[in-house]
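Visitor: Each residue of the sequence shown is one higher than the last, beginning at 12 in my numbering.
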Amino acid sequence: MIMPDTVRTRFAPSPTGYLHIGGLRTALYTYLFARKAGGKFILRIEDTDQQRQVEGATELIYQSMRQAGLDYDEGPDVGGDYGPYIQTERRALYRQYAEQLVRAGKAYYCFCTKERLDELRAACEAKGETFKYDKHCKSLSQEEIQRRIDAGEPYVIRQDMPTEGTTTFEDMVFGSVTVENDTLDDVVLLKSDGLPTYNFANVVDDHLMHITHVMRGTEYLSSSPKYNLLYEAFGWPIPHYIHLPPVMKDTHRKLSKRHGDPSFEDLLRAGFLKEAVVNYIALLGWNPGTNQELFTKEELIEAFDIKGINKAPAIFDMAKLTWFNAAYIRKMTREQWRKTAMPYLARALDVDQLADVDMLLDILQPRVEVLTQIADLVGFFGRMDEDYDLALFAHKKMKTSVEQAREMLPRIEQVLTSVKDWTAEALHEALFGLVADLGVKNGQVLWPARIAITGKQSTAGGAIEIAAILGRQETMRRIALSKRKLGL
Ligand code: GLU
12 MIMPDTVRTR
22 FAPSPTGYLH
32 IGGLRTALYT
42 YLFARKAGGK
52 FILRIEDTDQ
62 QRQVEGATEL
72 IYQSMRQAGL
82 DYDEGPDVGG
92 DYGPYIQTER
102 RALYRQYAEQ
112 LVRAGKAYYC
122 FCTKERLDEL
132 RAACEAKGET
142 FKYDKHCKSL
152 SQEEIQRRID
162 AGEPYVIRQD
172 MPTEGTTTFE
182 DMVFGSVTVE
192 NDTLDDVVLL
202 KSDGLPTYNF
212 ANVVDDHLMH
222 ITHVMRGTEY
232 LSSSPKYNLL
242 YEAFGWPIPH
252 YIHLPPVMKD
262 THRKLSKRHG
272 DPSFEDLLRA
282 GFLKEAVVNY
292 IALLGWNPGT
302 NQELFTKEEL
312 IEAFDIKGIN
322 KAPAIFDMAK
332 LTWFNAAYIR
342 KMTREQWRKT
352 AMPYLARALD
362 VDQLADVDML
372 LDILQPRVEV
382 LTQIADLVGF
392 FGRMDEDYDL
402 ALFAHKKMKT
412 SVEQAREMLP
422 RIEQVLTSVK
432 DWTAEALHEA
442 LFGLVADLGV
452 KNGQVLWPAR
462 IAITGKQSTA
472 GGAIEIAAIL
482 GRQETMRRIA
492 LSKRKLGL
């Protein structure tokens with residue numbers, strides 16, 4: 012049988028919680044591959060393991076896919092010609108195919124109880140062997156099978172693996188993979204609840220949905236020969252396989268939501284931009300072959316190539332992601348930055364009280380790496396810590412001291428009082444006029460001025476910008492307060 016011409020890929024998550032980073036990366040590569048080839052990208056929900064289901068997780072997947080900009084051509088909530096796209100809604104179909112395999116002699120009914128299987132498992136372990144089902148039920152007669160089914164005995168359908176020879180499959184990243192058939196277990200295809208296992212459903216669905224390229228984690232690499240045997244048993248064309256190495260937390264541990272590592276949603280909540288996360292994740296295990304690091308989605312589509320996928324696991328590096336995020340913030344237009352930063356600003360302080368919000372946004376843009384830092388950076392604009400330590404006035408390099416501040420602050424207050432139009436230019440002129448008049452160093456005016464109106468040693472912006480942002484009234488109020496603190 013011939014594969015269809017059009018590339019069709021699918022992302023097939025199990026709805027077990029938020030979309031984790033490894034999952035998002037699989038989705039992204041699958042999407043990029045399909046888009047580059049001018050093919051179709053499909054979302055399929057693999058919910059046949061009912062015990063692992065998490066309420067609402069499917070909706071979260073739709074939401075995360077949208078947020079990441081991974082629009083799919085077919086899927087449960089967008090429709091398509093090969094639906095339903097949720098496996099539990101395809102239930103009847105799997106039985107039909109499993110029974111077809113039984114008739115073809117490639118699968119068989121198994122009535123073994125949990126107790127028998129546990130004993131078998133224990134016996135294997137005692138011998139230091141990995142568990143393999145002993146094909147006990149394979150030899151049951153047709154009559155006995157029918158009698159037991161009619162009597163309502165629970166059963167599963169198992170794949171009948173060959174016991175001799177080898178099975179080989181080709182992976183576009185890992186090359187040729189061969190396994191000895193006698194290492195393959197007669198896995199369950201259809202469970203006693205009538206639902207398929209992943210082993211079976213992925214093959215049936217990938218075939219019925221005309222998937223040409225299967226991308227998934229390397230945890231499925233060693234099982235793929237089993238799937239090939241199924242394709243062969245059905246006489247179906249085998250899709251191209253692209254197994255992706257895991258995303259790691261460090262050299263030993265896989266990134267995992269269960270161990271507290273962030274999901275895509277967590278990263279967005281923590282102040283990362285979705286475009287930056289997507290860009291960073293694209294490079295987690297794929298190399299464009301150039302030094303380019305910043306890619307728009309269109310550029311990623313253009314540059315993506317399976318040849319650039321690494322075999323080695325990728326390590327998720329928060330510092331690197333932060334670098335990407337900062338780069339994305341710096342690249343924004345003023346308007347984009349305003350739109351992005353305003354909600355964070357508004358949560359941190361009463362924006363209406365500020366005299367110049369645009370200036371505040373301007374000084375933040377080159378400094379903010381992650382949006383949630385905004386609150387910390389701007390807090391003092393809303394409320395100054397009036398109990399700040401007077402020792403802050405003393406700065407060796409600036410040649411300032413508490414005593415010097417006591418002398419300087421009234422003069423600063425005086426020149427600022429005479430500023431007519433409260434703009435950064437006018438404030439600059441006033442304070443630098445004072446520097447020139449007194450023949451002192453810039454810092455001897457600017458340092459005490461800044462401490463007096465912020466109560467902080469380090470701030471985004473200098474005295475002039477901060478005074479412009481605070482406005483006349485608030486600046487003068489803070490100077491008066493600091494004078495009192497200095498006993499003036
Ligand atoms: N449901 C599987 C998972 O979430 C998908 C594996 C595949 O893409 O075939 O890991």
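Positions of the beta carbon are idealized from the N, C-alpha and C atoms, including for glycine.
Could you tell me if LEU219 is buried or exposed, where buried requires 16 or more neighbouring beta carbons within 10 angstroms of its beta carbon?
Guide: As a first step, residue 219 must be located in the sequence shown, where it is residue number 208. With fewer than 16 other Cβ atoms within 10 Å, it is exposed.
Visitor: On the DSSP letters alone, give me the boundaries of the alpha helix (DSSP H) that PHE443 sits inside.
Guide: Residue numbering aside, residue 443 sits at position 432 when the sequence shown is read from its first letter. 435–449 is the span of the alpha helix (DSSP H), which, as asked, contains PHE443.
Visitor: By how many angstroms is the C-alpha of TYR96 removed from the C-alpha of MET12?
Guide: Counting from one through the sequence shown, the residue named residue 12 turns up at place 1. Counting from one through the sequence shown, the residue named residue 96 turns up at place 85. The predicted model places MET12 with a pLDDT of 47, which falls under 50 and marks its position as unreliable; any figure quoted below should be read in that light. When rounded, the distance between both Cα atoms is 24 Å.
Visitor: Is there at least one non-hydrogen atom of the ligand GLU closer than 7 Å to the beta-carbon of ALA23?
Guide: By 1-based counting over the sequence shown, the position of residue 23 is 12. Under cutoff, so the answer is yes.
Visitor: Can you look up HIS263 in the DSSP assignment and give me helix, strand or coil?
Guide: Numbered from 1 along the sequence shown, position 252 holds the residue referred to as residue 263. Correct three-state label for HIS263: coil.
Visitor: Give the DSSP-derived three-state secondary structure of LYS408 in the structure shown.
Guide: In the sequence shown, the residue the question calls residue 408 occupies position 397. Three-state result, LYS408: coil.
Visitor: Between the beta-carbon of ILE464 and the beta-carbon of ARG483, is there less than 8 Å?
Guide: Taking the first residue of the sequence shown as position 1, residue 464 is located at position 453. Taking the first residue of the sequence shown as position 1, residue 483 is located at position 472. No, the pair does not count as a contact, with Cβ atoms beyond the cut-off.
Visitor: If we count the other Cβ atoms within 10 Å of its Cβ and call it buried at 16 or more, is PRO354 buried or exposed?
Guide: Counting from one through the sequence shown, the residue named residue 354 turns up at place 343. Counting Cβ neighbours within 10 Å, PRO354 comes out exposed, since fewer than 16 surround it.
Visitor: Grab me the residues of TYR149's own chain with a C-beta within less than 6 Å of its C-beta, minus the 5 sequence neighbours each way, in chain order.
Guide: Counting from one through the sequence shown, the residue named residue 149 turns up at place 138. Inspection of the sequence shows that residue 149 is occupied by Lys rather than by Tyr. Cβ within range, chain order: TYR119.
Visitor: Could you tell me the alpha carbon to alpha carbon distance between PRO324 and VAL18, rounded to whole angstroms?
Guide: Within the sequence shown, residue 324 is the residue found at index 313, counting from 1. Within the sequence shown, residue 18 is the residue found at index 7, counting from 1. The straight-line gap from Cα to Cα measures roughly 26 Å.
Visitor: Under the assumption that ILE53 contacts GLU100 (Cβ atoms under 8 Å), give the Cβ distance between them as a whole number of angstroms.
Guide: If you number the sequence shown from 1, residue 53 lands on position 42. If you number the sequence shown from 1, residue 100 lands on position 89. So it is not a contact: roughly 15 Å between Cβ atoms.
Visitor: Under 8 Å, do LEU442 and LYS494 count as touching if we go by C-beta distance?
Guide: Reading the sequence shown from its first residue, position 431 is the one you call residue 442. Reading the sequence shown from its first residue, position 483 is the one you call residue 494. No, they are not a contact pair.
Visitor: Check whether the stretch 365–372 and the stretch 460–479 touch, using three or more Cβ-Cβ pairs below 8 Å as the test.
Guide: Short answer: they touch.
Visitor: Compute the Euclidean distance between the alpha carbons of LYS146 and GLU175, then round it to the nearest angstrom.
Guide: Position 135 of the sequence shown, counted from the start, is the residue given in the question as residue 146. Position 164 of the sequence shown, counted from the start, is the residue given in the question as residue 175. Their Cα atoms are separated by approximately 14 Å.
Visitor: Please state whether DSSP places VAL225 in a helix, a strand or coil.
Guide: In the sequence shown, counting from the first residue as 1, residue 225 sits at position 214. Residue state, collapsed to three classes: strand.
Visitor: For LYS51, which residues of its own chain have a beta-carbon under 7 Å away from its beta-carbon, when the five flanking residues on both sides are left out?
Guide: For this step, residue 51 is matched to residue 40 along the sequence shown. So the list reads THR17, ARG19, ALA45, ASP84 and GLU85, once near-sequence residues are dropped.
Visitor: Just to confirm, does TYR231 get its C-beta within under 7 Å of one of the non-hydrogen atoms of the ligand GLU?
Guide: On the sequence shown, residue 231 is found 220 positions in, with the first residue counted as 1. Answer for TYR231: yes, Cβ within range of the ligand GLU.
Visitor: Would the stretch 229–242 count as touching the stretch 171–191 if we require 3 or more Cβ pairs under 8 Å?
Guide: Yes: the two stretches touch, three or more of their Cβ pairs being nearer than 8 Å.
Visitor: Kindly indicate which three-state DSSP category VAL18 falls into: helix, strand or coil?
Guide: Your numbering for residue 18 matches position 7 in the sequence shown. Coil at VAL18, not helix or strand.
Visitor: Under a Cβ-count criterion, where at least 16 other Cβ atoms within 10 Å of its own Cβ denotes burial, should SER274 be classed as buried or exposed?
Guide: As a first step, residue 274 is located in the sequence shown; it is residue number 263 there, counting from the start. Burial call: buried.
Visitor: GLY444 and VAL426: beta carbons closer than 8 Å?
Guide: In the sequence shown, counting from the first residue as 1, residue 444 sits at position 433. In the sequence shown, counting from the first residue as 1, residue 426 sits at position 415. A contact, by the Cβ cut-off of 8 Å.
Visitor: In this structure, does DSSP put PHE392 in helix, strand or coil?
Guide: The residue you call residue 392 lines up with position 381 of the sequence shown. Note: PHE392 maps to helix in three-state DSSP.
Visitor: What is the residue span of the beta strand (DSSP E) that ILE253 lies within?
Guide: The count along the sequence shown starts at 1 and reaches residue 253 at position 242. Note, ILE253: beta strand (DSSP E), 251–255.
Visitor: Using a Cβ-Cβ cut-off of 8 Å, state whether ALA137 counts as contacting chain C.
Guide: Any reference to chain C falls outside this structure, which holds one protein chain only.
Visitor: Give a yes or no on whether the C-beta atoms belonging to ARG36 and GLY296 are separated by under 8 Å.
Guide: Position 25 of the sequence shown, counting from 1, holds the residue named residue 36. Position 285 of the sequence shown, counting from 1, holds the residue named residue 296. Yes.
Visitor: Cβ atoms of THR59 and ALA244: under 8 Å apart, would you say?
Guide: The residue you call residue 244 lines up with position 233 of the sequence shown. The residue you call residue 59 lines up with position 48 of the sequence shown. Their beta carbons are not under 8 Å apart, which means ALA244 does not touch THR59 by this criterion.
Visitor: Check PHE211 in the structure and name its three-state DSSP category.
Guide: Taking the sequence shown and counting its residues from 1, one reaches residue 211 at position 200. PHE211: helix per DSSP, three-state reduction.
Visitor: If you check the beta carbons only, do ASN290 and PHE335 fall under 8 Å apart?
Guide: What you label residue 290 is simply residue 279 of the sequence shown in a count that begins at 1. What you label residue 335 is simply residue 324 of the sequence shown in a count that begins at 1. A contact, by the Cβ cut-off of 8 Å.
Visitor: Looking at the structure shown, is LEU200 part of a helix, part of a strand, or coil, going by DSSP?
Guide: Working through the sequence shown from its first residue, we reach residue 200 at position 189. DSSP places LEU200 in strand when its eight states are reduced to three.
Visitor: For ARG417, which residues of its own chain have a beta-carbon under 7 Å away from its beta-carbon, when the five flanking residues on both sides are left out?
Guide: As a working mapping, residue 417 is identified with position 406 in the sequence shown. Correct list, in chain order: LEU497 and LEU499.
Visitor: Is TYR93 close to the ligand GLU? I mean its beta-carbon at under 7 Å from any heavy atom of the ligand.
Guide: Counting from one through the sequence shown, the residue named residue 93 turns up at place 82. No.
Visitor: Of the residues ARG269, THR262 and THR333, which one's Cα is nearest the Cα of ILE292?
Guide: On the sequence shown, residue 292 is found 281 positions in, with the first residue counted as 1. Of ARG269, THR262 and THR333, the residue nearest in Cα terms is THR333.
Visitor: How far does the alpha helix (DSSP H) with GLY246 in it extend, from its first residue to its last?
Guide: Taking the sequence shown and counting its residues from 1, the one referred to as residue 246 is at position 235. It is not in any alpha helix (DSSP H) - GLY246 carries neither H nor E in the DSSP assignment.
Visitor: For a quick check, are the C-beta atoms of HIS224 and HIS251 less than 8 Å apart?
Guide: Along the sequence shown, read from residue 1 onward, the residue named residue 224 stands at position 213. Along the sequence shown, read from residue 1 onward, the residue named residue 251 stands at position 240. It is a contact, given that the beta carbons lie within the stated cut-off.
Visitor: Let's test the definition: count the other Cβ atoms within 10 Å of the Cβ of SER152 and tell me whether it reaches 16, buried, or not, exposed.
Guide: Sequence index remark: in the sequence shown, residue 152 carries index 141 (1-based). Exposed, because fewer than 16 other Cβ atoms sit within 10 Å of the Cβ of SER152.
Visitor: Would you check whether the ligand GLU has a heavy atom nearer than 7 Å to the C-beta of ARG227?
Guide: As a working note, residue 227 is residue 216 in the sequence shown. Yes, Cβ of ARG227 sits closer than 7 Å to a heavy atom of the ligand GLU.
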